[in-house]
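Protein sequences appear in the order of chains Y and S.
Note that my numbering has the first sequence beginning at 105, numbered continuously upward.
Note that my numbering has the second sequence beginning at 214, numbered continuously upward.
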Amino acid sequence: MTSEIREFPFGENKEAKAEHYTDRMLKLTEYHRKMCDDYRKILAAAGYDAKKVKHYKDIPFLPVGIFKELRLSSIEDDSNIKTVTSSGTSGQARSQIILDAETRVQQQQALAAIGADFLGKKRLPMLVIDCPATIEKRDRFSARTSGILGFSIFAKKRVFALNDDMSLNMEAVEEFVENYSDGPVLIFGFTFMVWRYFVQELEKQNKKIDLPQAVLVHGGGWKKLISEAVSKQEFADRLKKTCGVNRVMDYYGMAEQTGSIFMECEYGHLHCSDYSAVLFRRAKDFSLCEKGEEGLIQVMSTIPKSYPGHSLLTEDIGRMIGEDDCPCGRKGVYFEVIGRAQHAEIRGCSDTFAAEH
Amino acid sequence: MTNLEKYNNILKRDLKATDDELNDETLVYNRYPRWDSVTHMDMVSDLEENFGVEFDTLDITGFSKYSLGIEILKKLGVQF
């Protein structure tokens, strides 16, 4: 059940995908049903019947919140696992995601193929908007750690822009600029960190740097920035002003399904790769949305083998913009993320889930 | 020193591996205890520096066990 890693992971149109993706999802569901007791119980309670699955849309999903309640694992041998924990807002339980060696390797290969398609195969000097301490703990790590480690495969030389107390390490940043500003570079960080500890800090210190060939790749969501009323445009404009950055690339992904990464093309669309599927569901009854209609985002991935995370309903709201016809040339669904579901909706969703299962 | 010796020495040093462990059953990325993603990147840097080559992103993830490092270096023009 290994996924073949291709150089261009955006080649499948709707028909090609439906054909084999359904089969792979069925197999993966069966595998987890065999391997994970809790998952088997959930499927049984939900009345799951593999014979009724005609399309991958019919594969059951787990709400992402379930990883906060249950430690779901589909592996027998616990000796070489890593646990990723979700960032979880304060006071909330954190998700625990169990990853074995095989799943980790698959995730990284998928990330490499997807990332290389957007950033090029050549590795670049990378300025990480985070502190070195974030990657020090290696057995249990946060989504931030796994993001930085994951994206490090695109880095030729990695420089951290922040000190361990989150203050800006201006010396390191200036040295990076001096060494690499005449060529393409990557800047990587979580959206909020880039804004608060980099852009705003440079402004506060009245400093400007010039990285005209930089691509800034950021993810982790706009939630905190929206509450500060920072729009996407404002974010890009201020980055341009403080750092001379001309290309800002958002990505969408989550700790609960790290192999799924959706990157933003030059037309501002997030793209679903051949490894993933993305669906949008109405919160009131989980029926599928029409194209363009806002709904809860469901993500699927052929990669998770060590835990039953191959089909998840997120707490994020988004909408499908189109399929197979983005001007950038990539096939598959392209979409946008609008924000987080209101608490009531999430609550509603887990209530329904609890009632159903 | 042959290129194979050079290659073996880098892996032994970075992974703290012994001569007996230099095989595909033992030296597997993410399975061999000390071969995690951080050590992986250090090792890639050392190989690049010592052999004067550059791994691209897909080479990095392709280098997932002992012999595959040699395959990638060969592809990049290093004689073994």
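Positions of the beta carbon are idealized from the N, C-alpha and C atoms, including for glycine.
When you compare only the Cα positions, how much space is there between residue i and residue j?
| i | j | result |
| --- | --- | --- |
| Tyr284(Y) | Pro229(Y) | 7 Å |
| Leu286(S) | Lys311(Y) | 43 Å |
| Gln337(Y) | Gly372(Y) | 11 Å |
| Thr406(Y) | Glu275(Y) | 43 Å |
| His159(Y) | Thr126(Y) | 5 Å |
| Phe366(Y) | Val382(Y) | 10 Å |
| Lys155(Y) | Ala148(Y) | 14 Å |
| Ile163(Y) | Lys219(S) | 51 Å |
| Gly436(Y) | Tyr152(Y) | 27 Å |
| Ala459(Y) | Val157(Y) | For Ala459(Y), the predicted model reports a pLDDT of 44, less than 50, meaning its position is unreliable and no value from the coordinates is stated. |
| Leu217(S) | Lys225(S) | 12 Å |
| Arg423(Y) | Asn263(S) | 49 Å |
| Val303(Y) | Leu166(Y) | 37 Å |
| Val334(Y) | Glu305(Y) | 16 Å |
| Gly275(S) | Lys388(Y) | 44 Å |
| Arg386(Y) | Thr231(S) | 57 Å |
| Glu370(Y) | Val291(S) | 37 Å |
| Phe114(Y) | Asp233(S) | 42 Å |
| Glu279(Y) | Leu231(Y) | 11 Å |
| Ile283(S) | Met256(S) | 13 Å |
| Asn221(S) | Lys278(S) | 13 Å |
| Lys209(Y) | Lys261(Y) | Reading off the sequence, residue 209(Y) comes out as Val, not Lys. Their Cα atoms are separated by approximately 22 Å. |
| Asp221(Y) | Glu368(Y) | 11 Å |
| Arg137(Y) | Thr346(Y) | 51 Å |
| Met254(S) | Ala150(Y) | 44 Å |
| Lys344(Y) | Ala237(Y) | 28 Å |
| Ser438(Y) | Ile291(Y) | Correcting the residue identity first, residue 438(Y) is Tyr in this sequence and not Ser. Tyr438(Y) and Ile291(Y): Cα-Cα distance of roughly 24 Å. |
| Asn124(Y) | Gly348(Y) | It is His, not Asn, that sits at residue 124(Y) in the sequence shown. Between His124(Y) and Gly348(Y), the C-alpha separation is close to 44 Å. |
| Ala120(Y) | Lys225(Y) | 26 Å |
| Leu235(S) | Lys229(S) | 11 Å |
| His461(Y) | Ala122(Y) | Here His461(Y) scores only 43 on pLDDT, less than 50, and its place in the model is too uncertain to base an answer on. |
| Asp272(S) | Ala340(Y) | 32 Å |
| Glu116(Y) | Phe268(S) | 28 Å |
Select from the options the residue whose C-alpha is nearest the C-alpha of residue i.
| i | options | result |
| --- | --- | --- |
| Leu417(Y) | Glu397(Y), Ser391(Y) and Glu427(Y) | Ser391(Y) |
| Ala445(Y) | Val303(Y), Phe384(Y) and Glu240(Y) | Phe384(Y) |
| Glu238(S) | Tyr220(S), Met214(S) and Leu281(S) | Leu281(S) |
| Gly324(Y) | Ile421(Y), Ala149(Y), Asp162(Y) and Gly357(Y) | Gly357(Y) |
| Asp428(Y) | Pro408(Y), Asp420(Y) and Lys395(Y) | Lys395(Y) |
| Asp227(S) | Asp269(S), Arg247(S), Phe264(S) and Val266(S) | Arg247(S) |
| Phe245(Y) | Ser410(Y), Ser199(Y), Asn117(Y) and Lys261(Y) | Ser199(Y) |
| Met139(Y) | Ile442(Y), His124(Y) and Ser177(Y) | Ser177(Y) |
| Tyr355(Y) | Val209(Y), Phe171(Y), Val277(Y) and Ile442(Y) | Ile442(Y) |
| Asp378(Y) | Glu360(Y), Leu215(Y), Phe171(Y) and Ser190(Y) | Leu215(Y) |
| Gly104(Y) | Tyr438(Y), Ser364(Y) and Cys369(Y) | Absent from the structure is residue 104(Y), since the part of chain Y shown begins at 105 and ends at 461. |
| His322(Y) | Ala333(Y), Gly224(Y) and Gly219(Y) | Gly219(Y) |
| Gly287(Y) | Ile170(Y), Pro316(Y) and Leu343(Y) | Pro316(Y) |
| Ala197(Y) | Val168(Y), Gln212(Y) and Gly224(Y) | Val168(Y) |
| Cys376(Y) | Ile425(Y), Thr346(Y) and Asp341(Y) | Ile425(Y) |
| Ile421(Y) | Ser415(Y), Val403(Y) and Phe171(Y) | Val403(Y) |
| Tyr143(Y) | Glu173(Y), Ile330(Y) and His124(Y) | Glu173(Y) |
| Lys118(Y) | Thr133(Y), Lys145(Y), Lys161(Y) and Ile146(Y) | Lys161(Y) |
| Gly293(Y) | Glu332(Y), Ala359(Y), Cys235(Y) and Gln213(Y) | Cys235(Y) |
| Ala359(Y) | Asp141(Y), Ala340(Y), Glu332(Y) and Glu419(Y) | Glu419(Y) |
| Asp249(S) | Glu398(Y), Lys131(Y), Ile185(Y) and Thr295(Y) | Ile185(Y) |
Can you list the residues of chain Y that residue i reaches, using a CB-CB cut of under 7 Å?
| i | result |
| --- | --- |
| Met256(S) | Within 7 Å Cβ-Cβ: nothing; Met256(S) doesn't reach chain Y, min ~13 Å. |
| Thr270(S) | Ala216, Gly219, Ala220, Lys225, Arg227, Ile257 and Phe258 |
Can you pull the chain Y neighbours of residue i, defined as C-beta to C-beta under 8 Å?
| i | result |
| --- | --- |
| Arg305(S) | Chain S is shown from 214 up to 293; residue 305(S) falls before or after that span and cannot be answered. |
| Ile273(S) | Ala216, Arg227 and Ile257 |
Short check: CB of residue i to CB of residue j, under 9 Å?
| i | j | result |
| --- | --- | --- |
| Leu320(Y) | Met353(Y) | yes |
| Glu440(Y) | Leu374(Y) | yes |
| Ile233(Y) | Leu253(Y) | no |
| Lys328(Y) | Tyr135(Y) | no |
| Thr362(Y) | Ser250(Y) | yes |
| Ala259(Y) | Tyr301(Y) | no |
| Thr187(Y) | Ala247(Y) | no |
| Thr270(S) | Arg227(Y) | yes |
| Ile313(Y) | Val277(Y) | yes |
| Ala318(Y) | Val289(Y) | yes |
| Glu307(Y) | Arg351(Y) | no |
| Ser60(Y) | Met129(Y) | With chain Y covering 105 to 461 only, the question about residue 60(Y) has no answer from this structure. |
Who are the neighbours of residue i on chain S, taking C-beta pairs under 7 Å?
| i | result |
| --- | --- |
| Val209(Y) | Tyr242, Asn243 and Ser277 |
| Gln317(Y) | The premise fails here: Gln317(Y) is roughly 18 Å from chain S at the closest Cβ pair, so nothing lies under 7 Å. |
Closer than 9 Å by beta-carbon distance: list the chain S residues that pair up with residue i, in chain order.
| i | result |
| --- | --- |
| Gln213(Y) | Leu271, Thr274, Gly275 and Ser277 |
Less than 9 Å between CB atoms is the rule here; does residue i satisfy it with respect to chain C?
| i | result |
| --- | --- |
| Arg262(Y) | Chain labels in this structure do not include chain C; the protein chains are Y and S. |
If contact is defined by three or more beta carbon pairs under 8 Å, each pair taking one atom from either stretch, is the stretch 203-218 of chain Y in contact with the stretch 268-285 of chain Y? no
Would you say the stretch 422-435 of chain Y touches the stretch 179-190 of chain Y, given that touching needs at least three Cβ pairs under 8 Å? no
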